[in-house]
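This report refers to the structure that appears directly beneath it.
Protein chains: 2
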Amino acid sequence: MPETAQHWYFNKRPKDVIEEDTLILRSEPIPELKDGEFLLRSVYMSLDATNRVWLSDWDTYMDPLPIGARMLGFIVGEVVKSRHAGFAEGTLAVGLTTWSDYVVTTGEGFVPFPKPEGISLADAFGVLAVAGPTAYVGLLEIGKPKAGDTLVVTAAAGAVGALVGQIGKIAGCRKVVGIAGSDTKCRWLVDDLGFDAAINYNKEDILDGLRRECPDGIDVHFENVGGEALDAGLTLMNNFGRVVICGLISTYNSSEPVPGPYMFRNVIMKRLTIEGFVILDYAARFPEYHEKLVGWMRDGKLKYRLHVAEGLESAQDALRLLYTGGNNGKLMVRIGAAPN
Amino acid sequence: MPETAQHWYFNKRPKDVIEEDTLILRSEPIPELKDGEFLLRSVYMSLDATNRVWLSDWDTYMDPLPIGARMLGFIVGEVVKSRHAGFAEGTLAVGLTTWSDYVVTTGEGFVPFPKPEGISLADAFGVLAVAGPTAYVGLLEIGKPKAGDTLVVTAAAGAVGALVGQIGKIAGCRKVVGIAGSDTKCRWLVDDLGFDAAINYNKEDILDGLRRECPDGIDVHFENVGGEALDAGLTLMNNFGRVVICGLISTYNSSEPVPGPYMFRNVIMKRLTIEGFVILDYAARFPEYHEKLVGWMRDGKLKYRLHVAEGLESAQDALRLLYTGGNNGKLMVRIGAAPN
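Protein chains in written order, with the numbering used here: chain A, 1 to 340; chain B, 1001 to 1340.
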């Protein structure tokens, strides 16, 4: 058992992109456990676009992270010492906690993580911790696609987007069109994941591409990015269409508010519903989502790709990949070895 | 019976504001009635912000009005000659028709208008033809306020806004705050209509005003205008709030798309639902809305003010009042005398 732990601290509020000194890594002694606490050894950490939101000083769905606090993220780890009745030594726990290799916690924000049989911890965590429930809720409960619908997904090769497209096919969408940033990503969506078409926004105008691929208009638009893609989607929405706002990553690096979609008037003209959500609100229903997602994973209906950065020290650099499209699949950090 | 009728024709597509020669008035012989037609003598015409939308060449909820076509509007009139089984001579009919003092029609788009007992035709038409159903559907079916909610209404002294605020109080909203453009309008909202507060956007910053008047945040925001007011509302929305987009009059005079709300990110941060609607979609349910609205009118629970421009020739100038805030109450044109 080590005597010190590594923690990432919030050092300097970024004006736009995350910089070298936005977060800093520090070593600290691991304190003694008190009653009701346990020591978690971190194994995998999820990196999500919304992590950047927590570093802003906007009014968001969480209190802004104060300078000097430890950075937060979703982590799965092993309970290596416990004085907590709900978390036994040797079990796995998942939760929103600090970017640390070892952390002492009261268990607040944690739940046990019963790894499903026959699925690796990396796969289980990568799909089930954040991205899978996000895709499930966003598409099925908010987007509510009907059989025969045309679904458009932005950041389609990202962790959430890739799952959304596949769940869309499971739900009976006639046409699922993804928007991604490279031909390689686009080929992966169509050839491996079963998307009906994919548009490379670095090679063609998104609106032109959507016009070609969605001749019957768009019924459900699943937005992870914002900006040009959202405007293109709004332009082509069918009457009474639904726009799911899962992420607006194109705006998170801006200290100042940025203009909303220029085609906002189509909310009236096309009688649209635009709805945003935060997956944290749905935590109580995760077991239900996990059951569905694990079933699809086992049936080979949900494919995914993990992009695993090595070591806690790589976390800050890795997070920036989400903002350059540099990641290939679900971005996570391997902080420690997975238990047997 | 006159031999000629006056009609407003669409002459020149406006780039921004409606100009002197956007529409032109022409005199034409009244044709003979064919079987299945009737001749309507127009009495009142409703002027609505959305009329301007029909003059744009955007992709909207209706086909753009072609240059050279007669201008369209909601009119109530008297059937003065009929060869139509559904519309007897001497009865009243209401519908989306041309800006004309007399018009021959097949009845498409018309329904009989049974004037409620004890309510003048001007009042009945002013409230029931467009504004009342719009306020009813937008607030109760889309905004879905709960008892105790805080409701904000923009263009609150306008035809729809004034009704929305009062229906909000009927629905049990704890606090109804209106935004309007003069102290006189604000006083009318609070003193006569029962709004809890009103903000004069020409005298103070809307966001400052809303912060003061909505200390518990906003649960339902009813938008008729767009722009600064919408951004202020989005800034102060409570989690899971509902934003009803009834109109975006601040954008209708622009040929080019204008930026959407700068606080659009709050769709996620506050988990909002933004929903637009067009009252034409609800035509089949008007009898149901009329029954409710007439009940409230008779009980004195719905107050309103009519701004009646005199004569068909005043219609174009009158329409422009909606875009300067120059109207005082529901804007309509008296084209001919009301029948006894």
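Ideal placement from N, C-alpha and C gives every residue a C-beta, glycine not left out.
Backbone secondary structure at residue i - three-state DSSP
i: residue 176 of chain A; result: strand
i: residue 99 of chain A; result: coil
i: residue 1050 of chain B; result: helix
i: residue 185 of chain A; result: helix
i: residue 56 of chain A; result: coil
i: residue 322 of chain A; result: coil
i: residue 1199 of chain B; result: strand
i: residue 45 of chain A; result: strand
i: residue 1279 of chain B; result: helix
i: residue 1118 of chain B; result: coil
i: residue 1004 of chain B; result: strand
i: residue 169 of chain A; result: helix
i: residue 1082 of chain B; result: strand
i: residue 310 of chain A; result: strand
i: residue 1273 of chain B; result: strand
i: residue 1162 of chain B; result: helix
i: residue 1260 of chain B; result: strand
i: residue 1089 of chain B; result: coil
i: residue 1329 of chain B; result: coil
i: residue 250 of chain A; result: helix
i: residue 317 of chain A; result: helix
i: residue 1232 of chain B; result: helix
i: residue 191 of chain A; result: helix
i: residue 1141 of chain B; result: helix
Extent of the continuous alpha helix (DSSP H) to which residue i belongs
i: residue 1237 of chain B; result: Counting along the chain, residue 1237 of chain B falls outside any alpha helix (DSSP H), though it belongs to the beta strand (DSSP E) covering 1237-1245.
i: residue 219 of chain A; result: Note, residue 219 of chain A: premise wrong, no alpha helix (DSSP H); beta strand (DSSP E) at 218-223.
i: residue 1266 of chain B; result: 1266-1269
i: residue 1136 of chain B; result: 1131-1136
i: residue 17 of chain A; result: Premise fails: residue 17 of chain A is in no alpha helix (DSSP H) and is neither H nor E.
i: residue 211 of chain A; result: 206-213
Residue i - containing beta strand (DSSP E), residue span
i: residue 1291 of chain B; result: That residue, residue 1291 of chain B, is in no beta strand (DSSP E); its alpha helix (DSSP H) goes 1286-1298.
i: residue 1125 of chain B; result: Element bounds for residue 1125 of chain B: not the beta strand (DSSP E) but the alpha helix (DSSP H), 1121-1128.
i: residue 335 of chain A; result: Where residue 335 of chain A is concerned, there is no enclosing beta strand (DSSP E), given that its DSSP letter is neither H nor E.
i: residue 27 of chain A; result: 23-29
Backbone CA spacing between residue i and residue j [nearest angstrom]
i: residue 189 of chain A; j: residue 68 of chain A; result: 41 Å
i: residue 168 of chain A; j: residue 1063 of chain B; result: 32 Å
i: residue 1397 of chain B; j: residue 1166 of chain B; result: No answer is possible for residue 1397 of chain B: it lies beyond the span of chain B, which begins at 1001 and ends at 1340.
i: residue 311 of chain A; j: residue 9 of chain A; result: 16 Å
i: residue 179 of chain A; j: residue 172 of chain A; result: 20 Å
i: residue 1280 of chain B; j: residue 296 of chain A; result: 43 Å
i: residue 1331 of chain B; j: residue 1315 of chain B; result: 10 Å
i: residue 1335 of chain B; j: residue 1042 of chain B; result: 6 Å
i: residue 73 of chain A; j: residue 184 of chain A; result: 29 Å
i: residue 1291 of chain B; j: residue 274 of chain A; result: 31 Å
i: residue 222 of chain A; j: residue 244 of chain A; result: 5 Å
i: residue 88 of chain A; j: residue 79 of chain A; result: 7 Å
i: residue 156 of chain A; j: residue 1301 of chain B; result: 52 Å
i: residue 105 of chain A; j: residue 126 of chain A; result: 22 Å
i: residue 236 of chain A; j: residue 323 of chain A; result: 26 Å
i: residue 153 of chain A; j: residue 199 of chain A; result: 10 Å
i: residue 170 of chain A; j: residue 1142 of chain B; result: 30 Å
i: residue 1148 of chain B; j: residue 1207 of chain B; result: 22 Å
i: residue 229 of chain A; j: residue 260 of chain A; result: 12 Å
i: residue 1253 of chain B; j: residue 1065 of chain B; result: 15 Å
i: residue 963 of chain B; j: residue 299 of chain A; result: Outside the displayed span of chain B (1001 to 1340) sits residue 963 of chain B, for which this structure offers no information.
i: residue 1016 of chain B; j: residue 1249 of chain B; result: 12 Å
i: residue 71 of chain A; j: residue 47 of chain A; result: 12 Å
i: residue 1263 of chain B; j: residue 263 of chain A; result: 15 Å
Bridge partners - residue i, DSSP secondary structure assignment
i: residue 1105 of chain B; result: B:1038
i: residue 150 of chain A; result: A:175
i: residue 94 of chain A; result: A:76, A:111
i: residue 9 of chain A; result: A:24, A:70
query: Looking at chain B, which residues of the stretch 270-285 of chain A have a Cβ within less than 8 Å of any of its Cβ atoms?
result: 270, 271, 272, 273, 274, 275, 276, 277, 278, 281
- Taking any Cβ of chain A, which residues in the stretch 1248-1268 of chain B have a Cβ under 9 Å from it, in chain order? 1248, 1251, 1252, 1256, 1257, 1258, 1259, 1260, 1261, 1262, 1263, 1264, 1265, 1266, 1267, 1268
TODO: Report the residues of the stretch 1056-1085 of chain B with a CB closer than 8 Å to any CB of chain A, ordered along the chain.
DONE: 1058, 1059, 1060, 1061
Taking Cβ-Cβ distances below 9 Å as the criterion, which residues of the stretch 1204-1224 of chain B are in contact with chain A?
none
Check: Given a limit of 7 Å on CB to CB distance, which residues of the stretch 1230-1245 of chain B reach chain A?
Finding: 1245
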